[in-house]
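Read the structure below first, then the notes.
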Amino acid sequence: DPDLVERLVEATRDLGIDLQVNAKVKGIKQQADRLVVQAETEQGEATFDTEMVVHGAGRVPAIQALNLEKAGIKSEKKGISVNDYLQSISNPQVYAAGDISASGAPPLTPVSSIEGHVVANNLLQGNHHKPDFTEIPSMVFSLPSLASVGLQEKTAREQGLKFKTLYESGTSDWYFSRRINEPYSGFKVLVEEGSDRILGAHLLGSYAEELVNLFALAIRYKLSTEDLKRTTFAFPTAASNLIDIV
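Written out as structure tokens, the structure reads:
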């Protein structure tokens, strides 16, 4: 969620980290035992002197050595081109799952597991199964953690859904945050009008990586805010905040 990302940027800089957003790396040079990164930032050309450079932009499917063209298998930048059943669009004898599948799903471990089960079932039973990525949580293991599951506001609007947004940019005065001295925390939850079911949840703060799983459960089984409020959670745990969030 863009609003919570802004809060995370603030928290990161507050830790003393020089965070450069919207910067384009132009080159990396070795100077003695140091590395110098040349970049184009929002303020112009800049250089950064450091001991180590880590590339963390994501995974690339390892399909270059498979000679896919010889087998008539079409591929693209994100992997093998597949249909809704994870079957190759050009060679029906081939299926692809996980990081080599250009299914459009995020490259996450749970996604690979889901796609693997779908492929196995379709191989054994024919094309009757499609992957369902309705409630795949994603995480940034930062300080504090940032978690997300379900729809974002922009996507929900594009789908024509009517919903209300429960948003708190700062919950540092909540008991749970004060107890662990968490200066940066917040949430944004999308609730469908009429049904009151959870459409999406975006969380910033300690234990967000655990709390997001409860929202994933709520989205999967179409639970309403009242369903969550009627549930008794152990106190003082992260889950006990659910009642106040919704």
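Under this note's numbering, the first residue of the sequence shown is numbered 338, with each subsequent residue one higher.
Cβ coordinates follow ideal geometry from the N, Cα and C atoms, glycine included.
Outcome for residue i when other beta-carbon atoms lying within 10 angstroms are tallied against a minimum of 16
i           : result
residue 515 : exposed
residue 397 : exposed
residue 462 : exposed
residue 559 : exposed
residue 399 : exposed
residue 530 : exposed
residue 525 : buried
residue 352 : exposed
residue 344 : buried
residue 586 : What the structure shows of the chain is the stretch from 338 to 583, and residue 586 is not part of that stretch, so it cannot be assessed.
residue 572 : exposed
residue 575 : buried
residue 584 : Absent from the model: residue 584. The displayed extent of the chain is 338 to 583, so no value can be given.
residue 338 : buried
residue 490 : buried
residue 495 : exposed
residue 452 : buried
Beta-bridge pairing of residue i - partner residues as DSSP gives them
i           : result
residue 561 : 534
residue 539 : 485, 525
residue 501 : 528
residue 417 : 412, 438
residue 377 : 361, 382
residue 425 : 419
residue 368 : 371
residue 432 : 424
When the options are compared against residue i, the one with the closest alpha-carbon
i           : options            : result
residue 411 : 394, 421, 431      : 431
residue 488 : 392, 385, 480, 475 : 475
residue 403 : 395, 417, 394      : 417
residue 423 : 459, 415, 388      : 459
residue 444 : 394, 457, 389      : 394
residue 406 : 392, 391, 425, 421 : 425
residue 348 : 517, 377, 483      : 483
residue 477 : 451, 545, 358, 372 : 545
residue 465 : 456, 471, 472, 473 : 456
residue 380 : 359, 341, 479, 563 : 359
residue 471 : 538, 513, 391, 414 : 538
residue 429 : 494, 409, 350, 446 : 409
residue 542 : 390, 571, 578, 567 : 578
residue 364 : 575, 485, 569, 386 : 386
residue 437 : 540, 362, 414, 421 : 414
residue 376 : 479, 369, 362, 368 : 362
residue 346 : 479, 421, 368      : 479
Contact check, residue i vs residue j, beta carbons under 8 Å
i           : j           : result
residue 565 : residue 583 : yes
residue 584 : residue 528 : Residue 584 falls outside the range modelled here, since the chain spans only 338 to 583, and no answer is possible.
residue 449 : residue 433 : no
residue 532 : residue 561 : yes
residue 509 : residue 481 : no
residue 357 : residue 384 : no
residue 556 : residue 535 : yes
residue 319 : residue 468 : Limits of the chain in this structure are 338 at one end and 583 at the other, which puts residue 319 out of reach.
residue 374 : residue 390 : yes
residue 388 : residue 371 : yes
Run of the beta strand (DSSP E) containing residue i, from where it starts to where it stops
i           : result
residue 383 : 381 to 387
residue 445 : No beta strand (DSSP E) holds residue 445; DSSP gives it neither H nor E.
residue 570 : Looking at the DSSP string, residue 570 is not in any beta strand (DSSP E), and its letter there is neither H nor E.
residue 491 : Element bounds for residue 491: not the beta strand (DSSP E) but the alpha helix (DSSP H), 490 to 495.
Residue range of the alpha helix (DSSP H) that includes residue i
i           : result
residue 347 : 339 to 351
residue 475 : Residue 475 -> not in any alpha helix (DSSP H); beta strand (DSSP E) instead, spanning 475 to 477.
residue 544 : Per DSSP, residue 544 belongs to no alpha helix (DSSP H) and is neither H nor E.
residue 513 : 512 to 516
residue 579 : 579 to 582
Minimum Cβ-Cβ distance from residue i to chain B less than 8 Å
i           : result
residue 433 : Reference to chain B is not applicable here, since this structure consists of a single protein chain.
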